[in-house]
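To keep things clear, I will list the structure first and then write my remarks on it.
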Amino acid sequence: MSIQVKVPATTANLGPGFDALGMALNLYNFVEIAKSGSSLIEVAGEGADQLPRDATNIVAVAVQEVFRAVGRAETSLSIRLNNRIPLARGLGSSAAARVGVMVAVNRMCGDTLSEMELLALATGLEGHPDNVAPALLGGLVISSVEEDGSVHCVRAPVSDPPSFVVLIPDAEVSTEEARSSLPNSYSRSDTCFNISRASLLVGALMTGHHEVLRVALRDKIHQPYRAKIMPWFNSVVDAATESGAHGAVLSGAGSCILAMTPEDRVDAVGSAMLTALRNHRQQGRYLNLKIDTDGARVVE
């Protein structure tokens, strides 16, 4: 008997909420597992020509973590990954892979682990919860990690959500490269700037006050530095807002750029973002996505 899990893409940070805010989007990977005589990993779709099929694949490590946590000997599994989330673009592909296979193995073990226990395991592997939390829980999630590694999160209701136009450049950006571009410390003024914007952003999304999103999406902690390795970023953001978007931000560490947009401006915003990208001699595409409120779910 096989177990299949559907797990959403995620967008982290949302501008000012660095390493704290994340949201699930309706673009999905599918993970299917079954007991097997020997371990096997198959990959279709995004990353099929890049991802390893052996124990170095991150899903293999995630499987080991779940078996260890439930106190069971590891079982040989056949794992099939059907990926629709692009790799190394800031849409939570690694979080989706880890969460998807962990939910599947946990179901195989009788759902022994709670959602919060799964979240703690996934955060330990991922390094931070801003992608794995919404991938697991769905919706808009605010999360925090304590000094001892314990994870806390709140799933916030979103009122009248905007559309999310996601520009997907062909160019990849590794999370490690993007993090290495950040400074080691920040001024008090920049820190306070982001605290106020992140708070305003959560309030705006919870209450549907889209008119403040252009202010709420501003950031001084990571985007100004990451823009140096993505020279098209500022041009694309300007194109989005000039075409009617409420605002635009890096999705995670990039290279994707997400614009919160009124439904009637989706195509205008997407086309303008794509033109701005091409003006920098880069190619890509855009998607019109919605918020996913289910998170990772076993497909019955």
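Residue numbers for the sequence shown follow my numbering, beginning at 166 and rising by one.
Here a beta-carbon is modelled for each residue, glycine too, at the ideal position from N, C-alpha and C.
Start and end residues, alpha helix (DSSP H) containing residue i
i: V235; result: I223 to V235
i: N247; result: Taken as a continuous stretch (DSSP letters only), N247 belongs to no alpha helix (DSSP H), being part of the beta strand (DSSP E) at L242 to N248.
i: N399; result: F398 to E407
i: Y390; result: Q388 to R391
i: N453; result: Unbroken run through N453 is the beta strand (DSSP E), G449 to L454; no alpha helix (DSSP H).
i: N372; result: Note that residue 372 is Thr in the sequence shown here, rather than Asn. Run containing T372: R353 to T372, per the alpha helix (DSSP H) assignment.
i: N467; result: Since the first residue shown for the chain is 166 and the last is 465, residue 467 is missing from the structure and cannot be characterised.
i: T340; result: T340 to S345
i: D432; result: V431 to R443
Proximity winner among the options, relative to residue i (alpha-carbon distances)
i: I386; options: G180, V264 and P173; result: G180
i: V268; options: V323, S354, A177 and K171; result: K171
i: V463; options: A189, M188, V196 and L192; result: V196
i: A220; options: L242, V331 and D276; result: L242
i: L290; options: P322, N222, P251 and D325; result: N222
i: M425; options: F329, I360 and L370; result: F329
i: G257; options: D457, M371, I333 and A300; result: A300
i: A363; options: P173, Q169, D184 and A174; result: D184
i: D459; options: L302, V270 and L284; result: L302
i: L347; options: A418, V208, V323 and F398; result: A418
i: G116; options: C421, A213, M371 and G409; result: The structure shown does not extend to residue 116, since the chain is modelled only from 166 to 465, so the question has no answer here.
i: F398; options: D384, G409 and C421; result: C421
i: F358; options: L382, H445 and H374; result: L382
i: A189; options: R249, V310, G292 and A298; result: A298
i: Y451; options: S204, G212 and P251; result: P251
i: L284; options: E230, L332, D429 and A213; result: E230
i: G187; options: D335, L286 and H293; result: H293
i: E282; options: P334, F232 and N444; result: F232
i: S416; options: D295, S361, S345 and C318; result: D295
i: G212; options: I360, D335 and T356; result: D335
Bridge-paired residues (DSSP) for residue i
i: M425; result: F329 and G412
i: N194; result: V172
i: S315; result: The partner list for S315 (beta bridge, DSSP) is empty, contrary to what the question assumes.
i: P334; result: G449
i: V306; result: G187 and R320
i: K200; result: L242
i: A177; result: G187
i: V463; result: V170
Straight-line gap, residue i to residue j (C-alpha atoms, nearest Å)
i: V377; j: G412; result: 10 Å
i: S167; j: V414; result: 39 Å
i: I394; j: V226; result: 30 Å
i: V433; j: D403; result: A quick correction: the sequence has Ala, not Val, at residue 433. Their backbone Cα atoms lie some 13 Å apart in a straight line.
i: Y266; j: L423; result: Just to set this straight, residue 266 is Val in the shown sequence, not Tyr. Cα to Cα, the separation comes out at about 27 Å.
i: T440; j: T240; result: 50 Å
i: P389; j: S436; result: 24 Å
i: G449; j: E337; result: 11 Å
i: L454; j: S350; result: 34 Å
i: T277; j: V380; result: 44 Å
i: A253; j: R272; result: 28 Å
i: P427; j: E407; result: 13 Å
i: E341; j: A177; result: 15 Å
i: N194; j: S308; result: 23 Å
i: A392; j: A343; result: 9 Å
i: A461; j: V306; result: 14 Å
i: T175; j: G202; result: 34 Å
i: A199; j: S315; result: 31 Å
i: R320; j: G236; result: 29 Å
i: Q169; j: Q447; result: 36 Å
i: N191; j: A234; result: 30 Å
i: G210; j: I244; result: 14 Å
i: G368; j: Q215; result: 40 Å
i: V481; j: A260; result: Any property of residue 481 remains undetermined from this structure, which presents the chain solely from 166 to 465.
i: V323; j: G182; result: 16 Å
i: I456; j: S354; result: 32 Å
i: V224; j: A238; result: 17 Å
i: L332; j: M438; result: 7 Å
i: S339; j: R430; result: 31 Å
i: V475; j: P327; result: For the chain, the structure presents residues 166 to 465; residue 475 sits outside this window and is missing.
i: S204; j: G373; result: 48 Å
i: V218; j: T356; result: Checking the sequence shown, residue 218 turns out to be Arg, not Val. If I take the Cα positions, the gap works out to 42 Å.
Range of the contiguous beta strand (DSSP E) that encloses residue i
i: I206; result: L205 to G210
beta-carbon residue i near the ligand FAD non-hydrogen atom, thresh 7 Å
i: G435; result: Inclusion of the ligand FAD in the displayed structure is not the case, the ligand content being empty and no account of it being possible.
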